[in-house]
Structure formats: structure tokens, C-alpha cells
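Colleague: Provided herewith is a single structure, encoded as C-alpha cells, for subsequent inquiry.
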Amino acid sequence: MEPHSERPYWNSLCVVAAVLTGFTAPFTLAFEGSDDFNSHTWTSLEYWLVAVFSVDILLTFFTQYDDPDSGIPVTSLPRIALNYARPGN
1 MEPHSERPYW NSLCVVAAVL TGFTAPFTLA FEGSDDFNSH TWTSLEYWLV AVFSVDILLT
61 FFTQYDDPDS GIPVTSLPRI ALNYARPGN
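Position 85 of the sequence shown, counting from 1, maps to 85 under UniProt numbering, and the rest follow consecutively.
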């Protein structure tokens, strides 16, 4: 996957998912167990958010990057995986 194709749209969706996580996590912790808490709705939303972040991790391992030394796009899947698995990336 080219990093400049649909990736910005996907990153926007991940930002929305992160913001939703920031709002839903405290509400779940605060109101879980109360009579007004609809656990099915919150559980569904949490599963959706986990799915988005899981797909994001998978997509990251298939997104090419530019070699810092040569500037040439790296498309080799093992090199891409090693690059993103390295600390600091």
C-alpha cells in the first residue's frame, strides 16, 4: 500500500476512534453496573474500536516507506515489518 494513497483517510478514522476511546473508556468505568448503563451498546462500540486499531496495525505492516538513506520506496514486506517493529518508529 502506498503511504500517500488512501492512508490519510484511514488515519483520520483512527483519530476519530482514538477520540471515541478517550470518551467511552471513562464512561464505561464510571457507569458500568448501574441500571441506566446499556452494556450491549458500549460493548459493541468497544469491539468496533478494537477492530479499527487491529486493522491499523495490520495495514501499517503493509504500507511502504521511503528508505532514509536513498529515498527509494521500500516495498519488501519483511523490510517493512522490520522497520515498523523497530523501537523508535
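The beta carbon of each residue, even a glycine, is placed where N, CA and C say it ideally should be.
Use the C-beta contact count for T60: other C-beta atoms within 10 angstroms, 16 or more gives buried, fewer gives exposed.
Modeller: Taking the first residue of the sequence shown as position 1, residue 60 is located at position 60. Answer is buried; the Cβ neighbour count reaches 16.
Colleague: Would you tell me roughly how many angstroms separate the C-alpha atoms of T63 and T75, rounded to the nearest one?
Modeller: Working through the sequence shown from its first residue, we reach residue 63 at position 63. Working through the sequence shown from its first residue, we reach residue 75 at position 75. If I take the Cα positions, the gap works out to 8 Å.
Colleague: By Cβ distance, which residues of its chain are closer than 7 Å to A17, with the 5 residues on each side in sequence left out?
Modeller: Along the sequence shown, read from residue 1 onward, the residue named residue 17 stands at position 17. Excluding residues within five positions, the ones whose Cβ falls inside 7 Å are L49, V52 and F53.
Colleague: Check P68 in the structure and name its three-state DSSP category.
Modeller: Along the sequence shown, read from residue 1 onward, the residue named residue 68 stands at position 68. Three-state DSSP puts P68 in coil, outside helix and strand.
Colleague: Quick one: what does DSSP say P87 is sitting in, helix, strand or coil?
Modeller: Position 87 of the sequence shown, counted from the start, is the residue given in the question as residue 87. Looking at P87 - three-state DSSP - the assignment turns out to be coil, as it is neither helix nor strand.
Colleague: Would you call the CB atoms of T28 and W42 closer than 9 Å?
Modeller: Start at 1 with the first residue of the sequence shown, and residue 28 comes out as number 28. Start at 1 with the first residue of the sequence shown, and residue 42 comes out as number 42. Yes, they are a contact pair.
Colleague: Does the distance from the C-beta atom of L20 to that of L45 stay below 9 Å?
Modeller: Walking along the sequence shown from the start, residue 20 turns up at place 20. Walking along the sequence shown from the start, residue 45 turns up at place 45. A contact, by the Cβ cut-off of 9 Å.
Colleague: What first and last residue would you give for the alpha helix (DSSP H) that runs through F62?
Modeller: As a working mapping, residue 62 is identified with position 62 in the sequence shown. Per DSSP, F62 belongs to no alpha helix (DSSP H) and is neither H nor E.
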